[in-house]
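One structure is given here, and the rest of the page talks about it.
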Amino acid sequence: MFTVQCDFDDTLVTGNVGHSLLNAFAPAKWCAIESLYSTGEITVEETNRRQFALLNVTKQTIDEHVFETAKLRPGVPEFIHNCTSIGLNFSVVSNGVDLYIEPALRSLTSSRIELHSAHGKITENGISISYLDPYGIHCLDAFKLSWLRYFKSQGQKVIYIGDGKSDIAAALEADYVIATSSLEDYFRSEGLVYFDFNDFYDVRQAIDTILI
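To get the working numbering, take the position in the sequence shown, counting from 1, and add 17.
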């Protein structure tokens, strides 16, 4: 059996919805926090904890922003339908926050999609987020990797779809990798085997090749 583990921001959707929210509603300090992540000083999970604590917005504001800005990559609805029809498990595993990912998925596709992401809670002091690994234990780092290892522990072969730095650790342990952007750059520079993609029609072609 196969599980397709797919990132959300910049992968399933064409942009980074989390960054779009921060850019629209958070003080500029969020960019300095992003720089700490870029230089490897903090994890992506810690980055998101600090950044979303800066966001003082209502759920309605989040929903409205998501509906106005989030766009699926071409071919996603057809791809998800195909996964269902051929018996592939499809799971979105994201370091992003459920407060914006769930409304995006509801508005963009009629399919029910398994989602594992940060849980966000709106408070008077910004958005508090937490990550739980597959066993319900609070996760301080390697969230995506924890889910990939869980899927593999269940006897699944994992096809990993991603785009960025936060995908590298999990992608390196996947059975197959379908990559774009900086994740593709990394796999190419390291001489590792991967499939590239621009849209989910490309992803479907790659998976058809894998399943032959």
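Every residue gets a Cβ at the ideal spot worked out from N, C-alpha and C, and that includes glycine.
- Going by DSSP, E63 is part of the alpha helix (DSSP H) stretching over 61 to 69.
- In the three-state reduction of the DSSP assignment, G137 falls in the strand class.
- Counting along the chain, A196 sits inside no alpha helix (DSSP H); it lies in the beta strand (DSSP E) bounded by residues 193 to 196.
- A residue is called buried when at least 16 other Cβ atoms come within 10 angstroms of its Cβ; C48 does not meet this threshold and is exposed.
- Inter-residue distance for I195 and I139 is about 34 Å (C-alpha atoms, whole angstroms).
- For V74, the secondary structure class from DSSP, reduced to helix, strand or coil, is coil.
- In the three-state scheme derived from DSSP, where H, G and I count as helix and E and B as strand, Q22 is classed as strand.
- Excluding the 5 residues flanking it on each side, I59 has same chain C-beta neighbours closer than 7 Å at L53, in chain order.
- Considered as a whole, the segment 158 to 197 harbours 174 to 179, 193 to 196 as its complete beta strand (DSSP E) runs of no fewer than 3 residues, in chain order.
- Annotation for N112: no alpha helix (DSSP H) segment contains it, though the beta strand (DSSP E) segment containing it runs 106 to 114.
- Assignment of F84 by DSSP, reduced to helix, strand and coil, places it in the helix class.
- Secondary structure note for S102: it is in no beta strand (DSSP E), and the uninterrupted alpha helix (DSSP H) holding it is 93 to 103.
- Counting only residues of its own chain and dropping the five nearest sequence neighbours on each side, V74 has a CB closer than 7 Å to the CB of F42.
- Residue environment analysis places I97 among the buried positions, since at least 16 neighbouring C-beta atoms fall within 10 angstroms of its C-beta.
- Following the DSSP letters along the chain, one finds S52 inside the alpha helix (DSSP H) bounded by residues 46 to 55.
- The Cβ atoms of F19 and I176 sit closer than 9 Å to each other.
- Judged by DSSP in its simplified three-state form, I118 adopts helix.
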